[in-house]
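So the structure is just underneath, and the comments pick up after that.
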Amino acid sequence: MGHVGRDPEIRHLDNNLVVARFSLATTERWTKDNVKTEHTEWHNIVMWRWLAEVAEKYVRKGSLLYIEGKLRSRSYEDKDGNKKYFNEILAEVMKLLDGPGQDKRESATKPVDVPPPIETTEIDSTGDDLPF
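Here our numbering is used: the first residue of the sequence shown is 1250, the next is one more, and so on.
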């Protein structure tokens, strides 16, 4: 559960396939010896198909979301030939915990469920022909 760091980047691909990408910040807070501390982690979120369409309509920078998904590790070569590695969460479930014009304190107790995914074949995200 965390807050969206930027508006989703939406791409419409062939065969009406939609993909959404955005960052999500999760913050851990604790107190030890009367010293309050917090640590924020940033996560790369990827959504496909109908879930990406929901994100396109309703998810904005600052939105509070609950996400469930699979952790994926990927790599690529930058323009200088250096190999870069990163992790992303391939979202399977999303709950919108607030919405436009709603009081965040009230909406956090009334999550909006996104319908379960429709059975489809999985996208092969390991090939070199990815559009991103």
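C-beta: ideal position from N, C-alpha, C; glycine also.
Values in this document were obtained by computation on a predicted structure and should not be read as measured data.
1) Apply the 10 Å Cβ neighbour rule to Thr-1251 and answer buried if 16 or more other Cβ atoms are within range, or exposed otherwise.
2) Can you tell me which of the three DSSP states Lys-1306 falls into?
3) Which residue wins for smallest C-alpha separation from Arg-1270, given the options Leu-1345, Lys-1285 and Arg-1298?
4) Name the DSSP beta bridge partners of Glu-1287, please?
5) So the candidates are Lys-1319, Ala-1274, Phe-1335 and Asp-1327; which of them puts its Cα closest to the Cα of Trp-1291?
6) Buried or exposed, going by whether 16 or more other CB atoms sit within 10 Å of the CB of Leu-1345?
7) Excluding five sequence neighbours on each side, which residues of the same chain lie with their C-beta closer than 7 Å to the C-beta of Asn-1255?
8) Could you give the first and the last residue of the continuous beta strand (DSSP E) run that contains Met-1343?
9) Report, in whole angstroms, the separation of the C-beta atoms of Asp-1327 and Lys-1333, which I expect to be a contact under 8 Å.
10) Measuring alpha carbon to alpha carbon, tell me which residue in Glu-1302, Glu-1277 and Asn-1293 is nearest Leu-1262.
11) By Cβ distance, which residues of its chain are closer than 8 Å to Glu-1305, with the 5 residues on each side in sequence left out?
Let me spell this out:
1) Numbered from its first residue, the sequence shown carries residue 1251 at position 2. Here the sequence assigns Gly to residue 1251, which means Thr is not the residue at that position. Here Gly-1251 is buried: its Cβ has 16 or more other Cβ atoms, across all protein chains shown, within 10 Å.
2) By one-based count along the sequence shown, residue 1306 stands at place 57. In the structure shown, the three-state DSSP call for Lys-1306 is helix.
3) If you number the sequence shown from 1, residue 1270 lands on position 21. Arg-1270 has its Cα closest to that of Arg-1298, out of Leu-1345, Lys-1285 and Arg-1298.
4) As a working note, residue 1287 is residue 38 in the sequence shown. Beta-bridge partners of Glu-1287 (DSSP): Arg-1278.
5) Within the sequence shown, residue 1291 is the residue found at index 42, counting from 1. Closest by alpha carbon: Ala-1274.
6) Indexing the sequence shown from 1 puts residue 1345 at position 96. Around the beta carbon of Leu-1345, 16 or more other beta carbons lie within 10 angstroms, which makes this residue buried.
7) Here the question's residue 1255 lines up with position 6 in the sequence shown. The displayed chain sequence assigns Arg, not Asn, to residue 1255. Phe-1271, Ser-1272 and Lys-1310.
8) Residue mapping note: residue 1343 aligns to position 94 of the sequence shown, counting from 1. From DSSP, the beta strand (DSSP E) with Met-1343 extends over 1332 to 1345.
9) Reading the sequence shown from its first residue, position 78 is the one you call residue 1327. Reading the sequence shown from its first residue, position 84 is the one you call residue 1333. Right, their Cβ atoms sit about 6 Å apart.
10) Taking the sequence shown and counting its residues from 1, the one referred to as residue 1262 is at position 13. Residue nearest to Leu-1262 within the set Glu-1302, Glu-1277 and Asn-1293 is Glu-1302 (criterion: CA-CA distance).
11) As a first step, residue 1305 must be located in the sequence shown, where it is residue number 56. Pro-1257, Ile-1259, Val-1267 and Ala-1269, listed in sequence order.
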